[in-house]
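Residue numbers for the sequence shown follow the working numbering, so the first one is 7 and each next one is one higher. C-beta: ideal position from N, C-alpha, C; glycine also.
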Amino acid sequence: MFSFLYSILLFSIASISCIQIPFIQNVTLIPKYNWNSTTITNKTCEQCLCIATSIFVALNYFPNNTCQLFYTFPISYKIISTPQARLYFPQKIFPNATQCCMPNLGYLLDKLKNGTWTYVNVTSPRNILLDNNGYLVTVEMQPPKLDRFDPYNLTRISRTVIPGSNAMTVAFINNTYFIGLTNGPIVAFINESLTVPNFINSPYIQGIRDNASSDYTFAYQQLVYYPGVYGLTGYNNSYFYATSWTNNSVYSYSAAENNTSWIETRIIDASTIQNISGGTSVTIDECGRYWFSLETSVIQIFNSLGSWIGNFSLGSGLIMDTIVTDNYVMYLSDGLTSSGRIIRIDPHIEC
Numbered sequence: 007m008f009s010f011l012y013s014i015l016l017f018s019i020a021s022i023s024c025i026q027i028p029f030i031q032n033v034t035l036i037p038k039y040n041w042n043s044t045t046i047t048n049k050t051c052e053q054c055l056c057i058a059t060s061i062f063v064a065l066n067y068f069p070n071n072t073c074q075l076f077y078t079f080p081i082s083y084k085i086i087s088t089p090q091a092r093l094y095f096p097q098k099i100f101p102n103a104t105q106c107c108m109p110n111l112g113y114l115l116d117k118l119k120n121g122t123w124t125y126v127n128v129t130s131p132r133n134i135l136l137d138n139n140g141y142l143v144t145v146e147m148q149p150p151k152l153d154r155f156d157p158y159n160l161t162r163i164s165r166t167v168i169p170g171s172n173a174m175t176v177a178f179i180n181n182t183y184f185i186g187l188t189n190g191p192i193v194a195f196i197n198e199s200l201t202v203p204n205f206i207n208s209p210y211i212q213g214i215r216d217n218a219s220s221d222y223t224f225a226y227q228q229l230v231y232y233p234g235v236y237g238l239t240g241y242n243n244s245y246f247y248a249t250s251w252t253n254n255s256v257y258s259y260s261a262a263e264n265n266t267s268w269i270e271t272r273i274i275d276a277s278t279i280q281n282i283s284g285g286t287s288v289t290i291d292e293c294g295r296y297w298f299s300l301e302t303s304v305i306q307i308f309n310s311l312g313s314w315i316g317n318f319s320l321g322s323g324l325i326m327d328t329i330v331t332d333n334y335v336m337y338l339s340d341g342l343t344s345s346g347r348i349i350r351i352d353p354h355i356e357c
């Protein structure tokens, strides 16, 4: 990836106030999580670059006069094709290729076990995410609420009542939170004001688990060949993962033609593992390992080939979702009804 980046930069230079800034045309830098960046709207490209030349190492500029500025390069990232966008490097410093920081799983698990654990009580939390503001976000199932937390100390920033009942999931796209309720609709909250601009209704929406589209018009549906679709994990616009709560498996989907049909492949089968409940979510770390949450106190870990290689236990609880961020700082949602909580684990690793 890095050599490809370098060869393009030889031919792409922008001049701002006599300062030459290298860039790549029609691509953007996509980090695994956005908490080391800030987004600015209603700015011209030159205005964004003037801001960026002070302390920012990278800048995504989008055709809608929006720019995303990065304080540091993310450890895990992708560079993807984005028509009419540009990726600038204001400090003339370029990122290293994404690498596996912790190949020794046993050492990593020991560091996690002995790391710094921070907790906050949350009633029946579901999935968790980090939004573009860096907030850690979840929804409480019943009564439904949207919760936002400081990602470092888990101090609650806001708690917003969601109209409806039984919130099952939250997604964040285009500066909007989308909350899926059992049997619909999907509720959309604007990020800054936390107001509801729309309800997304469709006769096809039942038993919402995850939503990954900001398009309010039903487009198409995909037939799956297994029961109990539960958690969705996006990779890019043409590849994503789904978990089955019923058969405790993970499936991958790759786009076929025009992204309206998808090739389904089972990549993980955890059905033979004892004392598990249902497959709720999967996250992939920088080493290509799958961390599979199965609504128990133990996360099952598989390698890139789908073979079981270990587990990580909380001791008690019902893990609904897991996030693995830079330097292996981890967040987990524990949905145990009597003592629901969000957990942050810092293993004090420097990648």
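Classification of P28 by the beta-carbon crowding that lies within 10 angstroms, buried from 16 upward: buried
Secondary structure, alpha helix (DSSP H): runs of 4+ residues fully inside the segment 45-110: 51-61
Of the listed residues T278, M326, V145 and G323, nearest to S313 (C-alpha basis): T278
Candidates P101, T252, M336 and G341, of which the one nearest K119 by Cα: M336
Identified DSSP bridge partners for L135: V143
Range of the contiguous beta strand (DSSP E) that encloses T175: A173 to I179
Beta-carbon spacing of S250, Y257 below 8 angstroms: yes
Beta-carbon gap between N180 and R347 smaller than 8 angstroms: no
K151, enclosing beta strand (DSSP E) - first and last residue: K151 to F155
Under the three-state DSSP convention, the category S277 falls into: coil
Own chain residues within Cβ distance below 8 angstroms of G112, not counting five before or after: G316
Cβ-based neighbour list, L115, same chain, cut-off 8 angstroms, excluding 5 preceding and 5 following: G316 and F318
Expected contact under 8 angstroms - CB spacing of P305 and T286 to nearest Å: Per the sequence presented here, residue 305 reads as Ile, with Pro not at that position. At roughly 11 angstroms, the Cβ-Cβ gap does not stay under 8 angstroms, so I305 and T286 are not in contact.
For L160: DSSP bridge partner residues: BP columns for L160 are empty, so no partner.
According to DSSP, residues forming a beta bridge with V330: M336
Nonlocal neighbours in the same chain, by C-beta distance under 6 angstroms from I124, ignoring five residues either side: The sequence given here has Thr at residue 124, not Ile. So the qualifying residues of the chain are L160 and R350.
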